[in-house]
Structures are given as structure tokens and as C-alpha cells.
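Trainee: Following this message is one structure expressed as C-alpha cells.
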Amino acid sequence: MTNAPVLLLGGLGKTGRRIADRLEARGVPFRAASRSTPVRFDWDDESTWDTALAGTGAIYLVPPAEHLDTAAIGPLLARAGARRVVLLSARGADFAGEPVPERVVRERSPEWTILRPSWFAQNFSEGVFAAGIEAGELKLPTRDGRDAFIDAEDIADVAVAALTEDGHAGQAYDLSGPEAISFPDAVARIAEATGRPISFGYRTPAEFAATVPGELGELLGALLDGIAQGNGDYVSDGVRRALGREPRSFGDFVARTFGSQPVQA
């Protein structure tokens with residue numbers, strides 16, 4: 019790994035800001051680029067690309083939902099000088115064939131790594147489920163379906179290893195926590211930790227989609243309905259393969275998060 023900066027393409031979201039903290043602690047230069055960061059990057063405005071890409075040695079790539087099925091990533095990587103690309107995909111993304119972002123990254127990057135996480139545990143504290151947790155009632159299409167929730171801290175650890183260390187090129191890591199638990203169980207654990215009642219209920223995928231702005235709601239509704247069909251009810255070994263240790267548990271996340279800070283809707 020050279021001293022060229024790492025580009026966090028997608029800004030400082032759940033994983034990006036955790037990766038930034040780790041890179042800063044290691045003294046690794048980086049820049050974050052998105053529509054809302056000082057270094058501006060817009061997928062739909064190619065005039066913003068070159069400044070963001072200039073001189074980078076590695077890229078952490080988080081494609082927005084609206085570009086998951088397009089070839090936009092190809093022209094971007096063709097203009098990038100970075101040899102190393104770490105793509106944030108999703109566990110199960112390859113069930114219906116190779117997703118466009120994964121295929122393009124494999125074809126265009128000399129040193130690629132693909133991360134396929136399960137549902138983030140942090141969705142309950144700073145993501146799409148947080149408002150329901152704060153309100154005391156979370157209603158989802160998942161029914162009693164289970165998922166092996168991954169801690170975003172583990173995603174960041176794997177991403178930083180792939181961005182800064184050798185031995186991860188050509189690897190696709192399916193990332194999950196150590197156990198699959200149901201969404202009602204997850205909510206019950208959070209309620210116990212907070213000491214206040216939080217109920218879990220059902221709403222249809224369409225009803226859930228209506229609560230999420232933009233086109234993302236329909237996608238999330240379908241994915242959560244897939245949880246009800248058993249699509250997430252398995253544990254993956256990607257954290258152990260990448261880091262040589264077991265992943266953090268959902269219980270670790272609950273104790274750490276809901277014992278010390280409020281929910282961020």
C-alpha cells in the first residue's frame with residue numbers, strides 16, 4: 019500500500035465514518051467524497067469525478083441505490099488511478115446472478131475486494147428502524163424472520179484491512195454476526211436494555227415502502243419481505259476469514275449502544 023490517499027466514495031455514512039476514524043488512527047491519508055462533503059462527488063455530474071479521484075491509491079465504493087443496476091461504475095473506475103477497490107455490496111446480492119457493481123469492479127479493478135454484509139445492527143440505532151425504536155413501536159414486513167445482524171464496526175474493520183493490507187485482493191467476504199435472531203427478538207433485547215416498552219408488529223412491504231422517502235422504500239420493503247421468507251437465516255464466516263476473529267454479537271451492539279447513547283432517527 020502506497021501513501022496515496024484512500025477515497026471514501028459515498029461519504030461518511032454508517033460505514034464510511036467508522037472507516038475514516040480507523041484510517042485517521044492509523045495515520046492513513048484519506049478523503050471522503052459525496053454530494054454533502056467538502057470534496058464533492060455526484061454520480062450524475064461527471065465534472066465532480068476527477069477532483070475526488072485525483073491521486074487516490076484505494077477506493078471504498080458505496081454505490082447509491084439508484085446506480086445499482088447501471089454501468090455508471092465502469093466509467094468511474096476507468097478514470098480512477100487507484101489499483102485497489104473495496105466494494106460494499108450486500109449479502110445475497112448474487113442470488114439472482116452477479117450484480118452489476120460486483121461484475122464491473124471485478125473487471126476494472128486489479129485488486130478488488132467485495133463486502134457483502136447482512137442487515138446492519140446499527141439500523142436499529144441510526145438507520146431505517148431507529149424512528150420506530152424511538153417511538154416504541156417498530157412495524158416491518160419481516161414477521162418472525164431471522165437475520166444474522168452485522169455490527170458496522172466489523173464491516174469497518176474488514177474494509178480497513180482490505181484497503182490498507184495485503185492478502186484481501188480477489189476476495190468476496192459475506193459478513194454477518196455470530197447468530198441469526200428474529201426481528202421481534204432483536205426489538206425485545208433493545209427494550210430490555212433501555213428499560214422501556216417497545217413493541218414489534220407487522221406491516222406489508224407496500225405499507226413499509228410508503229414510510230421511506232424516494233425509490234429506496236420499495237427495495238427495502240422487498241428485502242424485508244425476503245427476511246420473512248428465510249433469506250437471512252444463516253451465519254456467514256467472512257469476518258473470521260478476513261480478520262481471524264469472531265464477529266461482534268448483537269448483544270454486544272445492544273449493550274454498547276443503548277446503554278450509553280440515545281437512538282438517532
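Using the working numbering, the letters of the sequence shown map in sequence onto residues 19 to 283. Positions of the beta carbon are idealized from the N, C-alpha and C atoms, including for glycine. Just so you know, these numbers come straight off a predicted model, no measurement behind them.
1. Given a cut-off of 8 Å, decide if residue 208 and residue 245 are closer than it, judged by their beta-carbon atoms.
2. Identify every residue that forms a DSSP beta bridge with residue 192.
3. Applying the criterion that 16 or more other CB atoms from any shown protein chain within 10 Å of the CB defines a buried residue, is residue 125 buried or exposed?
4. Whole alpha helix (DSSP H) runs in the stretch 40-102 with 4 or more residues, listed along the chain?
5. Starting from the C-beta of residue 131, find all residues in its chain whose C-beta is less than 6 Å away, skip the five residues before and the five after it, and write them out in chain order.
6. Thinking residue 133 and residue 98 are a contact (beta carbons under 8 Å), I'd like their distance in whole angstroms, please.
7. Rounded to whole angstroms, what is the Cα-Cα separation between residue 251 and residue 166?
8. So for residue 183, helix, strand or coil by DSSP?
9. Less than 8 Å between the CB atoms is what I'm expecting for residue 267 and residue 196, so what's the real figure, rounded?
10. Drop a sphere of 10 angstroms on the beta-carbon of residue 75, count the other beta-carbons inside from all chains shown, and report buried for 16 or more, exposed for fewer.
11. Do you know offhand how far residue 280's Cα is from residue 96's?
12. List the endpoints of the continuous beta strand (DSSP E) containing residue 250.
13. Is it right to say residue 100 is buried, meaning 16 or more other beta carbons lie within 10 angstroms of its own, or is it exposed?
14. Mapping the DSSP letters down to three states, classify residue 261 as helix, strand or coil.
15. Quick check: the Cα distance between residue 118 and residue 239, rounded to an integer number of angstroms?
16. Could you pull the DSSP bridge partners for residue 24 from this structure?
17. If you follow the beta strand (DSSP E) that residue 155 is part of, which residue opens it and which one closes it?
18. Can you name the residues that DSSP bridges to residue 129?
19. Specify the secondary structure class of residue 31 as computed by DSSP and reduced to three states.
20. Assign residue 140 to one of two classes, buried (16 or more other C-beta atoms within 10 Å of its C-beta) or exposed (fewer than that).
21. Which one of 102, 172 and 51 has the shortest CA to CA distance from residue 256?
22. Relative to the C-alpha of residue 56, which residue among 243, 222, 211 and 27 is closest?
23. With the cut-off set at 8 Å, would you say residue 40 and residue 176 are in Cβ contact?
24. Closest to residue 94 by C-alpha separation, out of 123, 217, 108 and 174, would be which residue?
25. Determine whether the beta carbon atoms of residue 23 and residue 49 lie at a separation below 8 Å.
26. Kindly identify the DSSP beta-bridge partner or partners of residue 107.
Mentor: Put simply:
1. The answer is no: Cβ separation not under 8 Å.
2. In the DSSP output, where bridge partners are listed per residue, residue 192 has 134.
3. Counting C-beta atoms within 10 angstroms of its own C-beta, residue 125 has fewer than 16 neighbours from the protein chains shown and is therefore classed as exposed.
4. For the stretch 40-102, whole alpha helix (DSSP H) runs of length 4 or above, ordered along the chain, are 67-71 and 91-97.
5. 104, 180, 186 and 189.
6. Taking the Cβ atoms as the reference, residue 133 lies roughly 18 Å from residue 98, outside the contact range of under 8 Å.
7. Whole-angstrom Cα-Cα distance: 7 Å.
8. Of the three classes helix, strand and coil, the one that applies to residue 183 here is coil, per DSSP.
9. Between residue 267 and residue 196, the beta carbon gap of about 5 Å places them in contact (Cβ cut-off 8 Å).
10. Per the 10 Å Cβ criterion, buried.
11. Because residue 280 sits at a pLDDT of 48, beneath the cut-off of 50, its placement in the model cannot be relied upon, and the point is left open.
12. Counting along the chain, no beta strand (DSSP E) covers residue 250, and no H or E run does either.
13. Burial state of residue 100 is buried, judged by a 10 Å Cβ sphere holding 16 or more other Cβ atoms.
14. Note: residue 261 maps to helix in three-state DSSP.
15. A straight-line Cα-Cα distance of about 21 Å links residue 118 and residue 239.
16. Answer by DSSP bridge pairing, in chain order: 48 and 76.
17. Here the beta strand (DSSP E) through residue 155 covers 155-158.
18. According to DSSP, which records beta bridges pairwise, residue 129 is partnered with 102.
19. Residue state, collapsed to three classes: coil.
20. When all chains shown are included, residue 140 counts as buried.
21. Put simply, of 102, 172 and 51 the residue whose alpha carbon is nearest the alpha carbon of residue 256 is 172.
22. Among 243, 222, 211 and 27, the Cα nearest to that of residue 56 is on 27.
23. Cβ distance not < 8 Å, so residue 40 and residue 176 don't count as in contact.
24. The shortest C-alpha separation from residue 94 is found at 123.
25. Cβ atoms of residue 23 and residue 49: closer than 8 Å.
26. DSSP, once it has assigned bridges, lists no residue as partnering residue 107.
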